[in-house]
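Chains as they are written, first to last, in the numbering used here: chain C, 6 to 457; chain D, 10 to 382.
Input: a single structure, listed below in structure tokens.
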Amino acid sequence: MTNHFQTYISKKTNAAPLAVFRIGFGLMMCYSIIRFWAKGWIESVYLEPKFHFSYYGFEWIQPLGNFTYVLFFICGVAALFVALGFKYRWAIITFFLSFTYIELMEKTTYLNHYYFISILSFLLIFLPANATFSIDNIFRKRSFEQIPNWCIDSIKLLLGIVYFYAGLAKINADWLLKAQPLKIWLPSKYDLPIIGESLLQQNWFHYAMSWSGMLYDLCIPFLLLYKRTRWFAFVLVVFFHIFTRVLFPIGMFPYVMIIGSLIFFEADFHKKIIAFIKKMIQKVIQINASAIAILPAYHLKFKKIILPIVLVFFMIQIIFPFRFLLYNGNLFWTEQGYRFSWRVMLMEKMGSTTFKIVDGNTGNFFYVNNSDFLTPLQEKQMSFQPDFILEYAHYLGDHFSNQGHQNVEVYVESYVALNGRLSQPFIDKTVDLYQEKESFKPKTWILPFNDD
Amino acid sequence: MIKKIFPVVFLVLSIIACSSDDNTITTPPNEGGNDVVFSRASMLRNFADNIIIPSYQELSDNLDALEIAKDGFIAAPSQPTLDNFRAAWLTAYKSWQRVEIFDIGKAEEIQLNFQMNIYPVNTADVEANVSAGFYDLSSPNNHDAIGFPALDYLLYGVGATDIEIIEKYDTDPQAENYKDYLSAVTNRMKFITQLVLSDWIVNYQNVFAASTENNASSAANKIVNDFIFYYEKGLRANKIGIPAGNFSSTPLPDRVEAFYNQEISKELALDALNAVQNMFNGISTVDNAEGQGFKTYLQSLDREDLADLINEKFNAAREKMQLLDANFTTQINTDNTKMTEAYDALQAAVVLLKVDMLQAFNIAVDYVDADGD
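Set out below in structure tokens:
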């Protein structure tokens, strides 16, 4: 066993695929930051709200006022440096920290693909992605033909986990037996040309999409791994992601996955890409590449530290999505252990949640107008997620206590509809949420899910 | 290599081409064996032709009558001419309850709702305008000094008795100023209503009916959002919740609609609820015929259960409202519990509209611009 492991770890492979991956990743991230900025989302998500929803344990991470722009600028520049392979190690560390900080500032915009970028950039810190075809090569006057094989495998593994776990999550009764939530989502895209009023309205098509989506997610990592099915798999990847992009507002995610899955191709393919880019560059500037010594193999420094970190990282990735098993109740309803588990586009859930501020002594009360405190996006997300509801209840409790209200108690009347079922009461309205604390323990004030 | 990439590129391009293509597809009959043949276009057509435009037309006619009654009153202020004016005001106010929902198109652009029915009226601003003798009623600063609430004050609130009120327009040193203000307010109401009505007829009717896409700026989505927003804010909160003190530490009985009239706040609220329910059921303002509406939309999505439930909640809310005093101020001061019960009954439908109906239509609650997963 240890022998097998040792041989595997010392196995070498060509450095080109990782270099191409680095370039694609860096450019896409740089573009993502520019896109986010250009759409005015820095203002609407981070600067305009009076109050930000935080992740448990990360409440100290808050937007930085106008320095938030600086943070985005740093993040974008770091991504560009990653693409160029310029001061790669510093660039990727900076990117990981700034990007992760940005995501932790506001829970409302949580997306699995942001989480994916965070952990992928963490992994990239430990990989020699600048071994070849990087500006670092020019300055250090050396580049490397080969890198450890596991470096590329680790990225494949991470992509594989994302797909496979997304597929596992789709194995549930609503998705497979009721074709929900696609039965709600697809017919509402009636304004798409050609398929909108025809295919998307068909019952069989909802089921076909549900089942093929599940099978696609489960199988695609393996189809990409095997050389014989690789091109077929890649065509599927492109088709699947473009199709979902047409149907749903999913931003950069499809492109990240399409470009990311190129890593499964052989080194020759990537060498051709590099050769092509080189030719383009040579047209603009002449770089004297002859001064760069090409060394056969890159030797990992700090191998004794890096390998255990990567191993633990993957163990966490494999185990963490199963933490929902520790909680009772319906996962989609309580969402305890829902996030960070590749549950992507999996349910249609909406809520209406109103807060009642009660004077504990007199019983006098009034209702809160949520739009006085929250943006529409925040209100939408808060309305059906228990941890948001609790955090907001505390914010309201503090706010009204500071205003001079006495004996403040915060109660909530919440109704939530899941996957097309009739809405039903979500939170126990007799519980003063101002007294409840956030923790990893089960939230007893979530009412049980009633599935007829 | 290029040969291998080509099909992929072709596939991508063809999908992108499809997605940006802007063909309108004629709606085929509904699949899935539903009884109701529904299309969004026919729903919007029904709203425009049979509900919205006739309602504006009725309001416009009633404002014409209001102006005639007003002219009669200022020509010879007396109890009969005052009574006549008040009756015309009430008729017009009741027809206003049918159009406040439609905050779309020209009405949205010129903020018709803000100019017609912001209450409580700011009486200090009204009096200041009257004394000054000059004013720009199109200014947003005057939104709370014009419209039906301003007339409510001018017809019922400027004096303690009818005799005192008539004196204001007759023997009062500022009588001419009061008369001018009455005319200015009435003219403004007529003018902006006419603006909206003629825009609907000349221009917007077909634009509205054709805008069936599922995106933030389409008429189909906006009218759904307007409907829910009006029900939640214009009806539930403004007419019942705010005066009953649901959003404040103590009740605010002077915040009721038509506060100075003291007799019709319930009548107006019931009219508003009827307007909401009629629109939900697609019932024509002209002949009460049932056409395409949110109800048939839900039925076409196999959610008849939800449509029925929503109608049940509307009916339950109406029953609770009918228990109230004709004057909500009196009701709040004597037994506010009945008011909050009416509020709760109205709120029960908010959940079904905002959560269940929006989920069934799969429409964004408001203009939320963000990526999804």
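For glycine and all other residues, C-beta sits at the position ideal for the given N, C-alpha and C.
Would you tell me roughly how many angstroms separate the C-alpha atoms of residue i and residue j, rounded to the nearest one?
i, j, result
"P129(D)", "D235(D)", "22 angstroms"
"N270(D)", "A85(D)", "22 angstroms"
"S419(C)", "S51(D)", "35 angstroms"
"D161(D)", "A267(D)", "6 angstroms"
"I110(D)", "L282(D)", "11 angstroms"
"R264(D)", "L332(D)", "20 angstroms"
"A184(C)", "S376(C)", "34 angstroms"
"N19(C)", "A369(D)", "52 angstroms"
"P37(D)", "G201(C)", "Confidence at P37(D) is low in this model, with a pLDDT of 39, below 50, so its placement is unreliable and the value that follows should be read with caution. Spanning the two alpha carbons is a distance of roughly 11 angstroms."
"F253(C)", "K354(C)", "16 angstroms"
"S388(C)", "P430(C)", "12 angstroms"
"E40(D)", "Q206(C)", "Annotation note: pLDDT 39 at E40(D) (below 50); position unreliable, coordinate value reported separately. Going by the C-alpha atoms only, they are around 7 angstroms apart."
"K115(D)", "N455(C)", "45 angstroms"
"G302(D)", "N287(D)", "9 angstroms"
"M366(D)", "H211(C)", "20 angstroms"
"I292(C)", "Y332(C)", "59 angstroms"
"H304(C)", "I157(C)", "15 angstroms"
"G81(C)", "I119(D)", "42 angstroms"
"T114(C)", "T346(D)", "40 angstroms"
"N126(D)", "A193(D)", "16 angstroms"
"M91(C)", "I79(C)", "Position check: residue 91(C) holds Phe in this sequence, whereas Met was assumed. Cα-Cα distance, rounded: 14 angstroms."
"T12(C)", "K385(C)", "52 angstroms"
"N55(D)", "S220(D)", "13 angstroms"
"Y195(C)", "D153(D)", "42 angstroms"
"L182(C)", "I189(C)", "14 angstroms"
"T359(C)", "Q390(C)", "13 angstroms"
"I451(C)", "V243(C)", "40 angstroms"
"A225(D)", "F405(C)", "34 angstroms"
"N32(D)", "S193(C)", "Any reading at N32(D) must be qualified, since the residue scores a pLDDT of 35, below 50, and its modelled position is unreliable; the value itself is stated next. Distance between the alpha carbons of N32(D) and S193(C) is about 17 angstroms."
Would you list the one or two residues that DSSP bridges to residue i?
i, result
"M125(D)", "Beta-bridge pairing links M125(D) to no other residue."
"R147(C)", "A298(C)"
"M355(C)", "A422(C)"
"N375(C)", "DSSP lists no partner for N375(C)."
"I292(D)", "E299(D)"
"D392(C)", "Per DSSP, none; premise fails for D392(C)."
"I451(C)", "I432(C)"
"Y416(C)", "K361(C)"
"N19(C)", "Q151(C)"
"F47(D)", "In DSSP, F47(D) forms no bridge with anything."
"F370(C)", "V363(C)"
Using a Cβ cut-off of 7 angstroms, pull out every chain C residue sitting near residue i, in sequence order please.
i, result
"S258(D)", "N369 and F371"
"L367(D)", "M355"
Interface residues of chain D around residue i at Cβ under 7 angstroms?
i, result
"F253(C)", "G381"
"G402(C)", "Under the 7 angstroms cutoff, chain D gives no residues; its nearest Cβ is about 16 angstroms from G402(C)."
"D457(C)", "Per Cβ cutoff of 7 angstroms: no residues; D457(C) is ~11 angstroms from chain D at best."
Given that residue i touches chain C, what residues does it touch there, using C-beta distances under 9 angstroms?
i, result
"Q301(D)", "What Q301(D) touches in chain C: nothing, since even the nearest Cβ is about 15 angstroms away."
Chain D partners of residue i, CB-CB under 8 angstroms?
i, result
"S193(C)", "N223, F370, N371 and I372"
"N8(C)", "Ordered by position in chain D, no residue passes the 8 angstroms Cβ test against N8(C), which lies about 39 angstroms from the chain."
"Y420(C)", "V360 and V364"
Listing by chain order, which chain D residues have their CB less than 9 angstroms from the CB of residue i?
i, result
"N374(C)", "A246 and F256"
"D392(C)", "Going along chain D, no residue has its Cβ under 9 angstroms from D392(C), so there is no contact; the nearest lies around 18 angstroms."
"D158(C)", "None at all; the shortest Cβ gap to chain D is about 24 angstroms."
Could you name the residues of chain C that residue i contacts, counting a contact when the two beta carbons are closer than 8 angstroms?
i, result
"L315(D)", "L427"
Please tell me whether, using a cut-off of 8 angstroms, the distance from the CB of residue i to the nearest non-hydrogen atom of the ligand ZN is below it.
i, result
"V25(C)", "The ligand ZN is not part of the structure shown, which contains no ligands of any sort."
> What residue ranges within the region 71–106 of chain D form continuous alpha helix (DSSP H) runs of no fewer than 4 residues, ordered along the chain?
Replying inline: 88–105
>> If we require 4 or more residues per run, which alpha helix (DSSP H) segments fall completely within the region 85–137 of chain C?
In response: 93–110 and 117–130
> Mind listing which residues of the region 330–358 of chain C have their C-beta closer than 8 angstroms to chain D's C-betas, in chain order?
Replying inline: V349, M350, E353, M355, G356 and S357
> Taking Cβ-Cβ distances below 9 angstroms as the criterion, which residues of the region 244–269 of chain D are in contact with chain C?
Replying inline: A246, G250, G254, N255, F256, S257, S258 and T259
>> Counting only Cβ-Cβ distances shorter than 7 angstroms, please list the residues of the region 160–191 of chain C near chain D, keeping chain order.
In response: I189 and W190
> Where are the alpha helix (DSSP H) runs, 4 residues long or more, that stay fully inside the region 244–322 of chain C, in chain order?
Replying inline: 258–265 and 272–289
>> Counting only Cβ-Cβ distances shorter than 8 angstroms, please list the residues of the region 96–122 of chain C near chain D, keeping chain order.
In response: T114, L116, N117 and H118
> Of all the alpha helix (DSSP H) runs that stay within the bounds of the region 165–223 of chain C, which reach a length of 4 or more residues?
Replying inline: 178–182 and 187–190
> Just by C-beta distance, which residues in the region 35–63 of chain C are closer than 8 angstroms to chain D?
Replying inline: K44, W46, S49 and V50
> Taking Cβ-Cβ distances below 8 angstroms as the criterion, which residues of the region 423–436 of chain C are in contact with chain D?
Replying inline: G425, L427 and S428
>> List, from N- to C-terminal side, the alpha helix (DSSP H) runs of 4 residues or more that fit wholly inside the region 23–90 of chain C.
In response: 72–89
>> Beta carbons nearer than 8 angstroms to chain D: which residues of the region 252–280 of chain C have them?
In response: F253, P254, I255, G256, M257, F258, F274 and K277
>> Closer than 9 angstroms between beta carbons: that is the criterion. Which residues of the region 215–228 of chain C meet it against chain D?
In response: none
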